[in-house]
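Q: In the numbering used here, the protein residues as written are 700 to 792. Glycine included, every Cβ here is placed at the ideal spot set by N, Cα and C.
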Amino acid sequence: MEIRQIDGFLREKFDPKKAEGGDFLKELGKFLHWVNQEQQKAKAIREAVLKGADIPLHQMVIEFEKASVALNLLIQVRNKLLEAYQELNRMQV
């Protein structure tokens, strides 16, 4: 009886029809766009400071850190995707 309950839960939460829509690629694209935006914001603030704009130091540091964290997160996601790809290649058919 518990197995049926778990099975129903899994079917409800992990619907295979939802996975076919390419949602992963869409989400990955959104993520890449977000990382790019963070990098562009940091670049814009850096250029503004170099041109003499009156931007508080803490705001500049926060934007640089946000860009750094976003880039590090992207690198970690890439590493995990690469590991998964390599694991799939090691599987025997």
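Among Phe723, Lys740, Lys729, Leu724, which residue has its Cα nearest to the Cα of Ala766?
A: Here residue 766 refers to the residue found at position 67 when the sequence shown is read from its first residue. Of the listed residues, the one whose Cα sits closest to Ala766 is Lys740.
Q: So, under 8 Å CB-CB, Ala769 and Trp733 are touching, yes? Tell me the CB distance rounded to an integer number of Å.
A: The sequence position of residue 769 within the sequence shown is 70, counting from 1. The sequence position of residue 733 within the sequence shown is 34, counting from 1. Ala769 to Trp733, Cβ: 7 Å. Contact.
Q: State the Cα-Cα distance for the pair Arg745 and Val760, rounded to the nearest angstrom.
A: Taking the sequence shown and counting its residues from 1, the one referred to as residue 745 is at position 46. Taking the sequence shown and counting its residues from 1, the one referred to as residue 760 is at position 61. The straight-line gap from Cα to Cα measures roughly 10 Å.
Q: How is the alpha helix (DSSP H) around Ala752 delimited, first residue to last?
A: Taking the first residue of the sequence shown as 1, we reach residue 752 at position 53. Per DSSP, Ala752 belongs to no alpha helix (DSSP H) and is neither H nor E.
Q: Cutting at 7 Å between CB atoms, please list the residues of its own chain near Ala793, excluding the five before and the five after it.
A: Outside the displayed span of the chain (700 to 792) sits residue 793, for which this structure offers no information.
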